[in-house]
Amino acid sequence: MNTLIIFLRILMRIVIIGVIYLVVRIVAPEDALLLSIAIYWIFLLAAWAVVFLHRASLWQIDDIRLGPETPRFVTVEGVISELTLVTERVAKGEKGYDYNALEFPQQFDSDMDDVLNSLSWLKAPAKQEIFGRIADGHNEAEPEYSLYGPFLLYIFRIASRAVREREPLHVLRGVYAAQAALVGGADYRDVLVRYSTLWDAARRLRVHIKPIAKSIAAETPELVELLTMRPAGLKAMAVVAIKDEYGFRYELDETWGHSE
Numbered sequence: 233m234n235t236l237i238i239f240l241r242i243l244m245r246i247v248i249i250g251v252i253y254l255v256v257r258i259v260a261p262e263d264a265l266l267l268s269i270a271i272y273w274i275f276l277l278a279a280w281a282v283v284f285l286h287r288a289s290l291w292q293i294d295d296i297r298l299g300p301e302t303p304r305f306v307t308v309e310g311v312i313s314e315l316t317l318v319t320e321r322v323a324k325g326e327k328g329y330d331y332n333a334l335e336f337p338q339q340f341d342s343d344m345d346d347v348l349n350s351l352s353w354l355k356a357p358a359k360q361e362i363f364g365r366i367a368d369g370h371n372e373a374e375p376e377y378s379l380y381g382p383f384l385l386y387i388f389r390i391a392s393r394a395v396r397e398r399e400p401l402h403v404l405r406g407v408y409a410a411q412a413a414l415v416g417g418a419d420y421r422d423v424l425v426r427y428s429t430l431w432d433a434a435r436r437l438r439v440h441i442k443p444i445a446k447s448i449a450a451e452t453p454e455l456v457e458l459l460t461m462r463p464a465g466l467k468a469m470a471v472v473a474i475k476d477e478y479g480f481r482y483e484l485d486e487t488w489g490h491s492e
């Protein structure tokens with residue numbers, strides 16, 4: 233296979249030089265061959281320059297910790313208590329906790345920012361305990377009270393905020409949220425639909441998301457492949473990016489799968 237690829241690349245270069253030669257021969261028939269080779273190398277160098285500039289423009293997040301060094305919650309109990317409270321308020325539809333609200337940010341967003349900021353600063357054993365508590369909080373009888381729920385609902389909103397506020401660290405918060413939702417028992421298909429918005433937001437912000445996701449997923453080795461794999465595009469995931477009088481946001485495409 234590698235030999236075939238190399239052969240095809242050589243053949244493509246010969247074809248390109250041949251086309252350039254035929255064009256140059258009309259203008260300067262005497263030096264057509266040398267000019268063709270020179271033009272080809274200029275074109276090649278320009279193409280590589282564009283590639284390197286493209287790579288250099290990718291914004292790399294160096295630290296996977298979020299928020300202040302002294303976060304709002306510094307213990308497992310503090311994080312779980314706040315998460316439980318947010319879960320109950322979302323389930324009851326309290327004001328400020330409507331995850332479909334067009335206002336950005338609202339109280340739900342602020343509370344979840346605090347939870348994720350705090351989670352990012354905790355040591356590995358504390359994180360593992362929190363993940364275990366989230367998994368234990370899976371409520372099959374009343375799924376709206378499952379502790380993974382707020383993380384799942386938060387991903388759409390934090391991806392929207394990342395683009396709205398031009399804030400790359402929001403992408404980082406979204407990866408943490410996807411990880412917590414998955415370990416908590418959320419259907420991976422639901423997570424991937426939402427996760428696609430983070431990759432789209434990262435693309436818009438020129439953030440290289442894969443190494444970030446790999447660093448975060450190190451705490452949950454079973455999720456490394458899922459969290460570092462680029463999901464399908466928004467259209468394939470039945471998601472739309474909207475920009476209207478309410479601002480930019482991601483939403484599920486309610487028309488997906490319905491023919492006129």
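The sequence shown lines up with residues 233 to 492 when you count with our numbering.
Each residue gets a CB set at the ideal place from its N, CA and C atoms; glycine is no exception.
Note that the structure is a prediction, hence the values are computed from the model and not measured.
message: Suppose you measure from the CA of Q411 to the CA of K355; what does that come to, to the nearest Å?
response: In the sequence shown, counting from the first residue as 1, residue 411 sits at position 179. In the sequence shown, counting from the first residue as 1, residue 355 sits at position 123. Cα to Cα, the separation comes out at about 16 Å.
field: Cutoff 7 Å; reference P463; Cβ partners in own chain excluding five residues on either side
entry: Taking the sequence shown and counting its residues from 1, the one referred to as residue 463 is at position 231. Excluding residues within five positions, the ones whose Cβ falls inside 7 Å are L424, Y427, S428, W431 and M469.
task: Examine the ligand MG and report whether any of its heavy atoms sits within less than 7 Å of the Cβ of L243.
output: As far as ligands go, the structure on display features none, and thus does not contain the ligand MG.
query: So the alpha helix (DSSP H) Y386 belongs to, where does it begin and stop?
result: For this step, residue 386 is matched to residue 154 along the sequence shown. G381 to E397 is the extent of the alpha helix (DSSP H) around Y386.
task: Ignoring anything shorter than 4 residues or poking outside the region 280-358, list the alpha helix (DSSP H) runs there in chain order.
output: 308-324 and 339-353
query: Is the region 308-323 in contact with the region 258-273, if contact means three or more CB pairs nearer than 8 Å?
result: no
message: Whether or not the region 288-307 and the region 435-449 are in contact is what I'm after, with contact meaning three or more pairs of Cβ atoms, one per stretch, closer than 8 Å; do they touch?
response: yes
- prompt: Just the Cα atoms here: how many angstroms apart are V259 and A450?
  reply: Translated into positions along the sequence shown, residue 259 becomes position 27. Translated into positions along the sequence shown, residue 450 becomes position 218. Using only the alpha carbons, I get a separation of about 60 Å.
query: Is S491 helix, strand or coil when you go by DSSP?
result: In the sequence shown, the residue the question calls residue 491 occupies position 259. With a pLDDT of only 46 at S491, under the threshold of 50, the placement of this residue in the model should not be trusted; the figure read from the coordinates follows. S491 falls in the coil class under three-state DSSP.
message: I need the boundaries of the alpha helix (DSSP H) containing D419, first residue and last residue.
response: Sequence index remark: in the sequence shown, residue 419 carries index 187 (1-based). Looking at the DSSP string, D419 is not in any alpha helix (DSSP H), and its letter there is neither H nor E.
message: Quick check on DSSP: helix, strand or coil for G406?
response: The residue you call residue 406 lines up with position 174 of the sequence shown. G406: helix per DSSP, three-state reduction.
- prompt: Are the beta-carbon atoms belonging to L401 and L298 less than 8 Å from one another?
  reply: The residue labelled residue 401 in the question sits at position 169 within the sequence shown. The residue labelled residue 298 in the question sits at position 66 within the sequence shown. Yes, Cβ-Cβ distance for L401 and L298 is below 8 Å.
Residues of its chain near D476, where Cβ-Cβ distance is below 7 Å and the 5 sequence neighbours each way are ignored: By one-based count along the sequence shown, residue 476 stands at place 244. Nothing meets the Cβ criterion.
field: Per-residue burial, K324 [other beta carbons within 10 Å of its own, 16 or more giving buried]
entry: As a working mapping, residue 324 is identified with position 92 in the sequence shown. The residue is exposed, with fewer than 16 neighbouring Cβ atoms inside 10 Å.
DSSP three-state assignment for L466, whether helix, strand or coil: The sequence position of residue 466 within the sequence shown is 234, counting from 1. The answer is coil: DSSP assigns L466 none of H, G, I, E or B.
- request: Measure from the alpha carbon of L334 to the alpha carbon of each residue in I366, T487, S342 and R481, then state which is nearest.
  value: Here residue 334 corresponds to residue number 102 of the sequence shown, with the count starting at 1. Here the closest residue by C-alpha is R481.
Between the CA atoms of L404 and P453 - distance to the nearest angstrom: Residue 453 sits at position 221 when you count from the first residue of the sequence shown. Residue 404 sits at position 172 when you count from the first residue of the sequence shown. Straight-line Cα distance between these residues: approximately 18 Å.
- prompt: Taking C-beta to C-beta, are E433 and L384 nearer than 8 Å?
  reply: Residue 433 sits at position 201 when you count from the first residue of the sequence shown. Residue 384 sits at position 152 when you count from the first residue of the sequence shown. Per the sequence presented here, residue 433 reads as Ala, with Glu not at that position. For A433 and L384, no; Cβs fall outside 8 Å.
message: Give me, in chain order, the residues of the same chain whose beta-carbon lies closer than 6 Å to that of Y478; leave out the 5 immediate sequence neighbours on both sides.
response: Here residue 478 corresponds to residue number 246 of the sequence shown, with the count starting at 1. Result list for Y478: L334, in chain order.
field: Same chain, Cβ closer than 6 Å to I390, five either side skipped, listed in chain order
entry: Counted from its first residue, the sequence shown places residue 390 at position 158. H402, R405 and G406, listed in sequence order.
field: Expected contact under 8 Å - CB spacing of F336 and R393 to nearest Å
entry: Numbered from 1 along the sequence shown, position 104 holds the residue referred to as residue 336. Numbered from 1 along the sequence shown, position 161 holds the residue referred to as residue 393. Contact holds; Cβ gap of about 6 Å.
task: Could you tell me how far apart the beta carbons of L466 and I448 are, in whole angstroms, since I believe they sit closer than 8 Å?
output: Translated into the one-based positions of the sequence shown, residue 466 becomes position 234. Translated into the one-based positions of the sequence shown, residue 448 becomes position 216. Not quite, the Cβ-Cβ distance comes to about 22 Å (not below 8 Å), so this is no contact.
query: Taking the continuous beta strand (DSSP E) assigned at V500, which residues delimit it?
result: There is simply no residue 500 to check, as the chain begins at 233 and stops at 492 in what is shown.
field: Neighbourhood of V256 by C-beta distance below 6 Å, restricted to the same chain and skipping five residues each side
entry: Against the sequence shown, residue 256 aligns to sequence position 24. Excluding sequence neighbours, V256 sits near A264, L267 and S268.
message: In the DSSP output, which residue or residues are listed as bridge partners for V439?
response: Stepping through the sequence shown from its first residue, residue 439 is reached at position 207. Beta-bridge pairing links V439 to W291.
- prompt: Using the rule of at least 16 other Cβ atoms within 10 Å of the residue's Cβ for burial, across every protein chain shown, is V251 buried or exposed?
  reply: Sequence index remark: in the sequence shown, residue 251 carries index 19 (1-based). That one is exposed.
query: Given K359, which residues of its chain have a CB within under 7 Å of its CB, disregarding the five upstream and five downstream residues?
result: Here residue 359 corresponds to residue number 127 of the sequence shown, with the count starting at 1. For K359, where only same-chain residues beyond five positions count, the Cβ hits under 7 Å are L351 and E451.
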